[in-house]
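A.B. asks: Numbering (this note's numbering), first residue to last: 50 to 175.
Pasting in a structure now, in structure tokens, and then I'll have a few things to ask.
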């Protein structure tokens, strides 16, 4: 259990989701935790994430804002945007955007280093 009360692979917050999910299963069943986390993320994608993407006119922010909410709770979407409507990402959101952009540009995952290798680095020089 994390200091925030989150458990399992998807770090589902027990205090927030205890009424919708079985707390013991979240703690001990990997597949149940993964499904619950995916359902929660979908809820955030369809709600605050979509709202931010529409507000900014940038569909790429759908994933970014959804992650901010998943990571920081519902207030995360509000903190993600400045009052002016500009972006105010935190360190976790900046890292996610870097990975997201790397994949969008054709990069691949280096899971050992937790980085995205740019496509130019993937092509051998002949």
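A virtual CB, placed ideally from N, CA and C, is assigned to each residue, including glycine.
This structure is a prediction, so every number in the text was calculated from the model and none was measured.
Suppose you measure from the CA of residue 107 to the CA of residue 53; what does that come to, to the nearest Å?
C.D. replies: Counting from 1 along the chain shown, the entry for residue 107 is found at position 58. Counting from 1 along the chain shown, the entry for residue 53 is found at position 4. Approximately 31 Å between the Cα atoms of the pair.
A.B. asks: Taking one C-beta from the region 96-105 and one from the region 68-84 each time, how about it: are there three or more such pairs within less than 8 Å?
C.D. replies: The region 96-105 is not in contact with the region 68-84.
A.B. asks: Between the beta-carbon of residue 114 and the beta-carbon of residue 126, is there less than 7 Å?
C.D. replies: As a position in the chain shown, residue 114 is number 65, starting the count at 1. As a position in the chain shown, residue 126 is number 77, starting the count at 1. In this structure, residue 126 lies closer than 7 Å to residue 114 by Cβ.
A.B. asks: Compute the Euclidean distance between the alpha carbons of residue 83 and residue 55, then round it to the nearest angstrom.
C.D. replies: Residue numbering aside, residue 83 sits at position 34 when the chain shown is read from its first letter. Residue numbering aside, residue 55 sits at position 6 when the chain shown is read from its first letter. So the alpha carbons of these two residues sit roughly 13 Å apart.
A.B. asks: Locate the beta strand (DSSP E) running through residue 154, then write down its first and last residues.
C.D. replies: Looking up residue 154 in the chain shown gives position 105. No beta strand (DSSP E) contains residue 154, which DSSP labels as neither H nor E.
A.B. asks: For residue 59, I'd like the list of residues in its chain whose CB is within less than 7 Å of its CB, leaving aside the five on either flank, ordered along the chain.
C.D. replies: Residue mapping note: residue 59 aligns to position 10 of the chain shown, counting from 1. Hits under 7 Å: 82, 83, 85, 86.
A.B. asks: Pull up the distance between the alpha-carbon of residue 61 and that of residue 80, whole angstroms please.
C.D. replies: In the chain shown, the residue the question calls residue 61 occupies position 12. In the chain shown, the residue the question calls residue 80 occupies position 31. Cα-Cα distance, rounded: 13 Å.
A.B. asks: So is residue 152 buried or exposed if we call it buried at 16+ other beta carbons inside 10 Å?
C.D. replies: Taking the first residue of the chain shown as 1, we reach residue 152 at position 103. Residue 152 is exposed by the Cβ-count criterion.
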